[in-house]
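Structure, as structure tokens:
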Amino acid sequence: MRGKLITLEGIDGSGKSTVAEKLRKNPEIKAFGPVFTREPTRGTLTGDAVEKAIQSDTDQLAELFLFTADHAEHLAKLVKPALENGKIVISDRYSDSRYAYQGVTLKTRLENPIEWVKNLHRGWTIVPDLTILFDIVPEVSIERCGKRGEQSKFEKLELLRGVREIFLRVAAEDPERFIIIDASRSPEYIEKEVAKKVLEFLNRN
Ligand code: ADP
1 MRGKLITLEG
11 IDGSGKSTVA
21 EKLRKNPEIK
31 AFGPVFTREP
41 TRGTLTGDAV
51 EKAIQSDTDQ
61 LAELFLFTAD
71 HAEHLAKLVK
81 PALENGKIVI
91 SDRYSDSRYA
101 YQGVTLKTRL
111 ENPIEWVKNL
121 HRGWTIVPDL
131 TILFDIVPEV
141 SIERCGKRGE
151 QSKFEKLELL
161 RGVREIFLRV
171 AAEDPERFII
181 IDASRSPEYI
191 EKEVAKKVLE
201 FLNRN
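Just so you know, this note's numbering puts the end of the sequence shown at 205, numbered straight through with nothing missing.
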């Protein structure tokens, strides 16, 4: 039987990585033998290219293709084989991050960037079975990250406002797949809530 794909999404500093680490150590989740992964991938040609691109002044359309190439590599080398082996895959960021981020960065370049980027993925991506959206206002998430990132605070705030809005819109269009978590709460609350939702899903499927 095909395994299940669970993704963690949200703006920078929403606490995804913190929770992914906790889930990794959670004994009840461990019992399902999940594979933990992330996008951009680490230690790959495509993942390194993405990291370099986001740290330099790369054209935003070029950036989209690098992210998408990394997604293809991630699917081919890790996600697909794991799912075919019946594994549970938990990914810190995945395709919805592209719809949300490039939906903002390409809004002056394309007429309907979200649909355009979704279409670019259509036919070869694997749609997640469950997506946990860590929802938080960027004012708080930026504060949490401190000096992380190169952009000015204002630029970052503007970008993340738009990204959050798209995440919420994409989630509203697919309520069966998405669970929205209030990511402004304490780490303990969020960890408990996410673990509960993931376990409910795994026990049901
Ligand atoms: P993301 O992976 O979504 O970018 P991180 O998990 O790296 O976010 O968290 C960003 C920062 O916020 C880290 O310094 C982390 O310790 C802190 N953090 C994470 N979750 C919470 C929380 N619920 N409350 C307060 N700070 C948090």
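In this text, a Cβ means the ideal position worked out from N, Cα and C, and glycines have one as well.
If you draw a straight line from the C-alpha of residue i to the C-alpha of residue j, how long is it?
i    : j    : result
R42  : E73  : 11 Å
I181 : L66  : 29 Å
I136 : S97  : 15 Å
E173 : I179 : 12 Å
L83  : G10  : 23 Å
Under the criterion of a Cβ to heavy atom distance below 7 Å, does residue i qualify as lining the ligand ADP?
i    : result
S186 : yes
K197 : no
R144 : yes
S14  : yes
T108 : no
Any idea what DSSP makes of residue i, helix, strand or coil?
i    : result
S141 : helix
T68  : helix
S152 : coil
F32  : coil
G10  : strand
R161 : helix
Look at the Cβ atom of residue i, then the Cβ atom of residue j, and state whether they are nearer than 8 Å.
i    : j    : result
V89  : T37  : yes
G15  : P175 : no
A195 : L23  : yes
I29  : D129 : no
K197 : I132 : yes
E51  : P34  : no
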